[in-house]
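Those letters in the sequence shown? Residues 26 to 376, by the numbering used here.
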Amino acid sequence: MASSLSVDFSYSSYSSTSRLLPFQWQKTLTLTRRRSATVRPPPRSSFACSPVAMSANTSAKIIDGKLIAKQIREEIAGEVASMKNEIGIVPGLAVILVGSRKDSQTYVRNKKKACEAVGIMSYEVNLPGDSTEEEVLKHISGFNSDPSVHGILVQLPLPRHMNEENILNSISIEKDVDGFHPLNIGRLAMQGRDPLFIPCTPKGCMELLHRYGVEIKGKRAVVIGRSNIVGMPAALLLQRENAAISMVHSYTKNPEEITRQADIVISAVGVANLVRGSWLKPGAVVIDVGINPINDAEDPRGYRLVGDVCYEEACEVASAVTPVPGGVGPMTIAMLLSNTLSSAKRIHKVE
Ligand SMILES: NC(=O)c1ccc[n+]([C@@H]2O[C@H](COP(=O)([O-])OP(=O)(O)OC[C@H]3O[C@@H](n4cnc5c(N)ncnc54)[C@H](OP(=O)(O)O)[C@@H]3O)[C@@H](O)[C@H]2O)c1
């Protein structure tokens with residue numbers, strides 16, 4: 026297997042939490058897109074990787090997002106405790122949930138648990154699905170001026186009668202821990218400007234590349250998918266670190282050929298096993314953001330989750346690959362905690 030990238034897998038020695046702070050290092054179901062991480066119902070016919078590939082010759086290194094996310098949560102817990110001891114401030118995250126979607130309720134519950142585990146205070150507002158936009162705006166305004174709240178997120182999707190853009194724009198840029206405010210995204214896109222927050226999922230992808238010592242500068246990177254919450258900011262982040270970027274989307278005519286040129290592939294599409302082994306350059310590093318349910322009679326739930334990338338085939342061609350589940354997913358929530366902590370540090374001028 027050829028290796029086109031210098032990859033240092035001694036990530037476990039990499040423990041500086043300062044790496045997590047927005048743009049101190051250059052530089053995730055939140056835009057942690059709560060919506061984006063929605064698990065759609067399994068398709069009627071599930072696409073499977075080739076039988077040959079199912080033999081799972083795992084020559085690629087597995088990028089263990091679960092392990093890294095745990096390490097990051099421990100680092101954050103340490104910093105939260107010091108902050109409390111030294112200046113008596115506890116970082117706070119406010120989450121607004123409108124409606125009773127089960128998946129959204131689960132995401133909000135998970136965020137609350139994750140906050141509690143690291144010592145971050147969580148504040149929750151649950152509004153009925155027929156609430157008015159004004160009611161949501163009123164809560165955001167209250168959190169904007171509440172000094173105990175350092176991060177605000179609105180769980181997406183919102184009910185159809187609400188204007189998502191108005192609502193997201195009303196979050197103070199200083200508390201926009203999802204990084205979806207147009208000013209934060211705009212700054213991400215501009216040279217010489219730094220956003221206050223980076224969207225959690227792409228930030229998690231970059232953190233995995235950094236912690237695994239993947240060289241980015243001067244490399245060719247392909248991002249598949251161009252959503253506001255994952256693909257687009259992921260491409261901007263790679264570009265900021267001096268990779269040469271190509272973006273592949275649903276109108277791209279030759280996605281396989283373009284992707285095969287990449288040293289680094291980030292896929293955020295939402296199509297099970299779209300990216301086959303034949304799409305990958307030998308030695309490429311593959312970050313699979315996709316979360317797709319496919320039918321599986323052997324699983325008690327009747328389905329299992331797979332990524333956008335045919336994992337077994339990627340393991341034979343790539344030098345490193347993220348699994349699904351256990352790759353990018355756990356990083357998203359860890360990055361939300363990281364953004365909340367860095368917000369509290371910025372507001373209270375903690376070095
Ligand atoms: N792990 C996590 O924490 C996490 C977080 C967020 C999302 N996700 C997962 O990531 C995936 C993407 O989420 P998203 O919110 O970014 O999705 P999205 O908003 O639906 O965007 C999908 C993107 O993929 C492109 N696309 C669709 N079909 C394609 C094809 N056949 N070939 C190439 N590009 C294609 C679309 O192109 P067009 O722009 O041309 O339509 C679009 O840009 C989903 O599976 C989601 O569940 C996971």
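Here a beta-carbon is modelled for each residue, glycine too, at the ideal position from N, C-alpha and C.
How about residue i: is its Cβ closer than 7 Å to a heavy atom in ligand 1?
i: Y276; result: yes
i: G204; result: no
i: G351; result: no
i: R251; result: yes
i: I223; result: no
i: P318; result: no
i: I254; result: yes
i: A139; result: no
Is residue i close to chain D? Criterion is C-beta to C-beta, closer than 8 Å.
i: V346; result: Absent from the structure is chain D; it holds one protein chain and no more.
Taking the straight line between their C-alpha atoms, what separation do you get for residue i and residue j?
i: V64; j: N364; result: Summary for V64: the model assigns pLDDT 43, below 50, so the residue's position carries little reliability; its value from the coordinates is reported in the next sentence. Rounded to whole angstroms, V64 to N364 spans 24 Å at the Cα level.
i: V161; j: E149; result: 12 Å
i: I88; j: N188; result: 38 Å
i: L183; j: V123; result: 6 Å
i: G90; j: I358; result: 11 Å
i: E376; j: K370; result: 7 Å
i: G256; j: L213; result: 13 Å
i: I372; j: S107; result: 16 Å
i: W304; j: S271; result: 14 Å
i: I249; j: V342; result: 18 Å
i: T226; j: A322; result: 30 Å
i: S129; j: L181; result: 7 Å
i: V115; j: K109; result: 6 Å
Under 8 Å between the Cβ atoms of residue i and residue j?
i: V331; j: T284; result: no
i: C230; j: I312; result: yes
i: M360; j: K228; result: yes
i: S105; j: V143; result: It should be pointed out that residue 105 corresponds to Val in this sequence rather than to Ser. In contact: V105 and V143 (Cβ atoms closer than 8 Å).
i: S368; j: H175; result: yes
i: V294; j: V353; result: no
i: S147; j: K163; result: no
i: I192; j: V179; result: yes
i: E85; j: V290; result: First, the amino acid is wrong: residue 85 is Ala here, not Glu. Their beta carbons are not under 8 Å apart, which means A85 does not touch V290 by this criterion.
i: P220; j: I254; result: no
i: V296; j: V239; result: no
i: P258; j: I210; result: yes
i: I165; j: I145; result: no
I'd like the span of the beta strand (DSSP E) that includes residue i, first residue to last.
i: D313; result: V310 to D313
i: A269; result: A269 to V273
i: E149; result: M146 to L152
i: S107; result: That residue, S107, is in no beta strand (DSSP E); its alpha helix (DSSP H) goes G90 to I112.
Comparing alpha-carbon positions, which option in the options lies nearest residue i?
i: P348; options: A359, C335 and T226; result: C335
i: N151; options: I121, Y132 and S166; result: I121
i: K244; options: N267, K137 and S292; result: N267
i: P397; options: G117, L181, H164 and S156; result: Outside the displayed range of the chain (26 to 376) lies residue 397, so it cannot be described from this structure.
i: R301; options: T277, L193, D333 and L178; result: D333
i: Y276; options: I289, D155, R251 and V255; result: R251
i: I93; options: L221, E141, I177 and H235; result: H235
i: K95; options: K374, L262, I372 and M356; result: M356
i: R98; options: E141, T157 and S170; result: E141
i: P350; options: R126, G308, P318 and A339; result: P318
i: E282; options: Q216, K306, N135 and E338; result: K306
Any heavy atom of ligand 3 closer than 7 Å to the Cβ of residue i?
i: N364; result: Ligands in the displayed structure: ligand 1; ligand 3 is not one of them.
Along the chain, where does the alpha helix (DSSP H) containing residue i start, and where does it finish?
i: L181; result: Run containing L181: none; DSSP gives neither H nor E here.
i: L193; result: E189 to N194
i: V377; result: Examination of residue 377 is not possible in this model, given that the chain is present from 26 through 376 alone.
i: V247; result: No alpha helix (DSSP H) contains V247, which is instead part of the beta strand (DSSP E) from R245 to I249.
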